[in-house]
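Take a look at the structure set out below.
Numbering (the working numbering), first residue to last: 44 to 288.
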C-alpha cells in the first residue's frame, strides 16, 4: 500500500511549490535559488547469492540510496542501486536527471557535496585546498554546507525513526529491499505533513561521507558548457554571500 503511495508523496516540487522551497532554503544562510539538496547513504542488506556489485566501498553488502530533499527534509526523489554504484552514476540514471529542465528550471539548482561534478544545475563546494586561503570561498562553502545539510538530517531521521534501515535488511530480493526503503520514506514524508512532534536524531551513521571519485560521460557535448556555467554561477553566488557575512 505504501509503495503505491510513493508517486504521490515522493515527488519533485511543482512549479507552484518551487518558490516556497527556494525561500525555505534561502532562509538558512541566504543561499539563493536552491530547489533541493542531494546526497547518498548506505543501507546494509544480506549478502545476496549473486553478490557481485552489491558490496559497497566500506566492504559490506548494501544498497546506495540517493535522495533529493526539500528545505523541511521531505524526500522529493529516491534512486536505489547496488552498493558499488557511486553517487554520480546514481545521479546519471535518476529520474530527476532525465527530466532536468522540468524539475530544476533554468536559474535554479540543487546542492551536492564534493562527490558530484559541478554543473549549472548542481552546485558543489569549492575544493578545500582553495578555500583554506580564500575567505570568499570559505564563506561560500560554509553557507553551502549549512544549507545542504537538510539531506543529511533527513537520512538521519529516516534511519533513526525506522531503525530496520540501520541493520541488515532481511528481504531476499532487491525488489523487497527497495519496497522497505520506499515505504519508510513515504511514512517519513507523511509524518512531516502531519507535523509529528517526536524529536528524532538527525545523525546518519552510514552517510556516504568519505572522499569519492567523480565519474562523468566524456562523450556528452553539453558537459563542458554546463560545467563552465556552474563555475560562473558558483563564483557569482560567492560574491553575493561574501557581502552578507
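Each residue gets a CB set at the ideal place from its N, CA and C atoms; glycine is no exception. Since the model is a prediction, treat every value here as computed from it, not as a measurement.
Q: Take residue 295 and list the residues in its own chain whose beta-carbon comes closer than 7 Å to its own, dropping the five residues that flank it on each side.
A: The displayed coordinates of the chain run from 44 to 288. Any statement about residue 295 would go beyond what the structure contains.
In terms of residues, what are the limits of the beta strand (DSSP E) holding residue 177? Note, residue 177: premise wrong, no beta strand (DSSP E); not H, not E.
Legend entry - residue 52 in three-state terms, based on DSSP: Note: residue 52 maps to helix in three-state DSSP.
If you follow the alpha helix (DSSP H) that residue 67 is in, where does it begin and where does it stop? 58-72
*residue 277 and residue 166: beta carbons closer than 8 Å?*
yes
Notebook entry, point to check: Going along the chain, which unbroken runs of the alpha helix (DSSP H) with 4 or more residues stay wholly within the segment 121-151?
Noted result: As far as the segment 121-151 is concerned, its whole alpha helix (DSSP H) runs of at least 4 residues are 130-135, 138-141, 143-146.
*Could you check what DSSP says for residue 157 in three-state terms: helix, strand or coil?*
Coil, per DSSP.
Exercise for the section: Report the rounded CA-to-CA distance for residue 226 versus residue 46, giving the unit in angstroms. Expected result: 6 Å
Near residue 125, what residues of its chain come up, given a Cβ to Cβ distance below 6 Å and the 5 sequence neighbours on each side ignored? 96, 97
The beta strand (DSSP E) that contains residue 208, what's its start and end? Per DSSP, residue 208 belongs to no beta strand (DSSP E) and is neither H nor E.
query: Does the Cβ of residue 254 have 16 or more other Cβ atoms within 10 Å, making it buried, or fewer, making it exposed?
result: Because the pLDDT of residue 254 is 47, which lies under 50, any placement of that residue in the model is unreliable, and the question is left without a value.
- Do you know whose CA, among 159, 85, 113, 169, lies nearest residue 207's CA? 85
Q. With residue 280 and residue 75 assumed to form a contact (beta carbons below 8 Å), what rounded beta-carbon distance in angstroms separates them?
A. 7 Å
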